[in-house]
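*Asks:* Once you've had a glance at the structure underneath, I'll fire off some questions.
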Amino acid sequence: MSELARFGVSLEKTLLDRFDQLIGKQQYTNRSEALRDLIRRELVQRQWQEGSDVAGAITLIYDHHRRDVISRVTDTQHDFQEVIISTQHIHLDHHNCLEIVAARGKAEKVQRLADALRAIKGVRHTTLSMSSTGREIE
Ligand code: NI
């Protein structure tokens, strides 16, 4: 971790009150930690917009009885194997599978993988959790 720096912030009292209410709900213990997370979130968003190296998780839900869905999901993952770190498959119930795909690489490619999985017929729900490799948001 790099050295700590302190700085003063001036803002409207009403805005600060709303910030305190918000971070109270999110169970932050102090403003500094909440502010750090806000800044990191912005930096991560920027990394994705700029096409930097990023990390993320894609989750998808699908009915494995649906024709071809498993082979399409597998084919797509083979097409993007250079950005996939690991895949976890969970049998949710008799019909539904949950798959969690951990990915790392160029933002554009990870986004394209998520889009390709989402577009497969039979995939009911897909989310992309945009995170960071951690290097530039320390
Ligand atoms: Ni399954």
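Note that the working numbering has the sequence shown beginning at 182, numbered continuously upward.
We put the CB at the ideal spot given by N, CA and C, even for glycine.
Which of the three DSSP states, helix, strand or coil, is assigned to G144?
*Replies:* As displayed, the chain neither begins before 182 nor continues past 319, which places residue 144 out of reach and without an answer.
*Asks:* Whole angstroms is fine: what's the gap from I265's alpha carbon to K194's?
*Replies:* When rounded, the distance between both Cα atoms is 46 Å.
*Asks:* Can the beta-carbon of V257 be found less than 9 Å from the beta-carbon of A297?
*Replies:* It should be noted that the sequence gives Thr, not Val, for residue 257. Contact: yes.
*Asks:* Please name the residue or residues paired with D234 in a DSSP beta bridge.
*Replies:* For D234, which the question treats as bridged, DSSP gives the partners K287.
*Asks:* Can you tell me where the alpha helix (DSSP H) holding I251 begins and where it ends?
*Replies:* Residues V250 to D260.
*Asks:* CB of I271 to nearest heavy atom of the ligand NI: below 8 Å?
*Replies:* It does: the Cβ of I271 is within 8 Å (strictly closer) of some heavy atom of the ligand NI.
*Asks:* In angstroms with no decimal places, state the Cα-to-Cα distance between W229 and V235.
*Replies:* Between W229 and V235, the C-alpha separation is close to 7 Å.
*Asks:* What is the rounded straight-line gap between the Cα of Y243 and the Cα of G303?
*Replies:* C-alpha separation (whole angstroms): 6 Å.
*Asks:* Look up I301 in the DSSP assignment and give the residues it is bridged to.
*Replies:* Bridge partners of I301: none, in fact.
*Asks:* Measuring CB to CB, does I318 end up less than 9 Å from R221?
*Replies:* Yes. Within cutoff.
*Asks:* Tell me where the beta strand (DSSP E) around S267 begins and ends.
*Replies:* Here the beta strand (DSSP E) through S267 covers I265 to H272.
*Asks:* Whose C-beta lies closer than 6 Å to the C-beta of E263 among residues of the same chain, with five residues either side of it excluded?
*Replies:* Hits under 6 Å: none found.
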